[in-house]
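Here the structure is laid out as structure tokens; the discussion comes afterwards.
Residue numbers (this note's numbering): 785 to 1426.
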């Protein structure tokens, strides 16, 4: 990462996926000696980078982003980057990166406790080792001999549910909303006493002697004493003209709720039944959409990458016909935002289609000629080996205090990435492999009927339905999640995934944990996509695939586990292990009964939970009793082992 002024050198480095999920636009990145905030995409520069940061082609994902952010978004772009930083740390590559600036702007000397903003020039900055950007630091010349003492960022900020972020108002806080009686801008001290019960940080004015403990700003009572939110977006350098009506909250730098990425992801799958030419046109549609007519095709072939990507198809009309066919398909796709943001349906159609698409560098599927192994006939109806996959991820915004709601994306206010409508959004792509499994539809339908009829009696002799307990817990979770920030007309049951999702999601986690022991990938390197439909649109599949940012191509270890003998052994072991958990009977008896609001039943870190990067729903909607017999056998999708 780099900034144009006044600190031009790099101050750190992150992976592309890190900028998407952990510390992207608007987030605070905690460096070894201070923290910085990532600027908006207005400040990111891709000028004169050539092919190093070409736009990532994925028309389906781009259309979904445009449906949310508007047609102004033309590209999906990776972070600006140039090779050569290792060989020449002072070369051109050192001046290319993601722009950041120090935040919070209030700093504290670790020796004399001086608290002051950076712009007062009370502190110096050094970053003179190009090969050691992690040693960049602010310093204060104080104490005996005026030695350079380490300076760190003051660790409190203000944030609100509208996505605004601001420095904590130390001057106003210590003087209780008034000005210092001695000078306009006095020096402050921040004395941190530690402790294990809340914050114990004392702010002292050196001129008038006023002092106040930061704990007075904590909690609900302290929140009411905080000033009105100024509507500041520091990553954009803007303030709301009329301020903000949201209640600010005090946060510690590094708090997990100061930034949540809002992203979309899509697999680069061709249209169902598309041939290789159609797949390539879809991939390079960003270049081809501007070709006015067939007479321009010869000129198009002189420019990379199109000069070699379409060598197999001469100018005999086939190429232009395919371009027109793709254009007509996009024009007829409609403008319904909900249909454009549905990224799973096209993937489901390709994986479940009777005919697999032609193989390409981005997407290659294989279905064993013998079909599903005989011992698994009643467990799966289809097994597809994805020998090559490409997943593209795009960031469309972020939220603060409340994480984006997967079921109701508009429920939380999304902070913008740019001061105006963005022309592009940050994106990244990963390549890997995967295994698609389809569960028999008739098996799921019969299971859903059994589960709805099931019930149990508690210690108070009251009858309860297991599905209803999960659904009510979902409503309580949605209500408690947003506490006093619920909007009018809030539907707590909106987006309820249904029982089918519980079963498929649990089966996916069981397989992921077993696969991680055998395929060579760690569980954190795997991801899942659950294709769970409704009665009107039945779907019953799951995809387990690799999503490793630094893996180009595949290792083959995951695909090999879908071979007939291996898949039988893998499934048998996953279902067998699910019947027991070292946390039983506590785990096996767990059910979210009132007043609990957790979203899992018989599931825990021992038997089902995986890393947050692996699970698409954050380890929610899991219950072993819906897959294997635990207690009531009627609840199990698979009562017997294969």
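Quick reminder that beta carbons are idealized off the backbone N, C-alpha and C, glycines included.
Q.
Just list the residues that DSSP pairs residue 1017 with in beta bridges.
A. 1022
Q. From 1191, 1313, 820, 1318, pick the residue whose C-alpha is nearest to that of residue 1258; which is it?
A. 1191
Q. Between 794, 1161, 1397, 1182, which lies nearest to residue 824 when the distance is taken from Cα to Cα?
A. 1182
**Q.** Straight-line gap, residue 1299 to residue 1158 (C-alpha atoms, nearest Å)
**A.** 21 Å
Q: Output the distance between the C-alpha atoms of residue 1023 and residue 900, rounded to the nearest integer angstrom.
A: 22 Å
(Q) For residue 1077, count the other beta carbons within 10 Å of its own beta carbon; 16 or more makes it buried, fewer makes it exposed. Which is it? (A) exposed
Q: Kindly indicate the opening and closing residues of the beta strand (DSSP E) around residue 886.
A: 884-886
Q. Which residue from 1012, 862, 1391, 795 puts its Cα closest to that of residue 1293?
A. 1391
Q) What's the gap between the Cα of residue 962 and the Cα of residue 987? A) 15 Å
Q) In three-state terms, what does DSSP make of residue 1221? A) strand
(Q) Run through the DSSP bridge pairs and tell me what residue 1329 is partnered with. (A) 1218, 1311
(Q) Output needed for residue 816: all residues of its chain with C-beta closer than 7 Å, excluding positions within five of it in sequence on either side, in chain order. (A) 918
Q | residue 883, buried or exposed, once every other Cβ within 10 Å from all chains shown has been counted against 16 | A | buried
Q: Report yes if the CB atom of residue 845 is closer than 8 Å to the CB atom of residue 833, and no otherwise.
A: no
**Q.** Neighbourhood of residue 1009 by C-beta distance below 8 Å, restricted to the same chain and skipping five residues each side
**A.** 1000, 1001
Q.
Taking its Cβ as the centre, do 16 or more other Cβ atoms sit within 10 Å of residue 1286, making it buried, or is it exposed?
A. buried
Q.
Please report whether the beta-carbon of residue 1408 lies at a distance below 8 Å from any beta-carbon of chain B.
A. This model lacks chain B altogether; it includes just one protein chain.
Q) Alpha carbon to alpha carbon, how far is residue 1200 from residue 805? A) 16 Å
Q | C-beta contact flag for residue 1147 and residue 1053 at 8 Å | A | yes
Q: Find out if the Cβ-Cβ distance for the pair residue 1409, residue 1383 is shorter than 8 Å.
A: no
Q) By DSSP, does residue 1178 sit in helix, in strand, or in coil? A) strand
Q) Looking at C-alpha atoms only, which residue of 998, 902, 910, 946 is the closest neighbour of residue 937? A) 902
Q.
Here's the rule: buried if 16 or more other CB atoms are within 10 angstroms of the residue's CB, otherwise exposed. What is residue 808?
A. buried
**Q.** Start-end ranges of the beta strand (DSSP E) lying completely within the stretch 1125-1176, minimum 3 residues
**A.** 1148-1150
**Q.** Collapsed DSSP secondary structure at residue 1396 in the structure displayed
**A.** coil
Q) Distance, Cα to Cα, residue 875 vs residue 865? A) 13 Å
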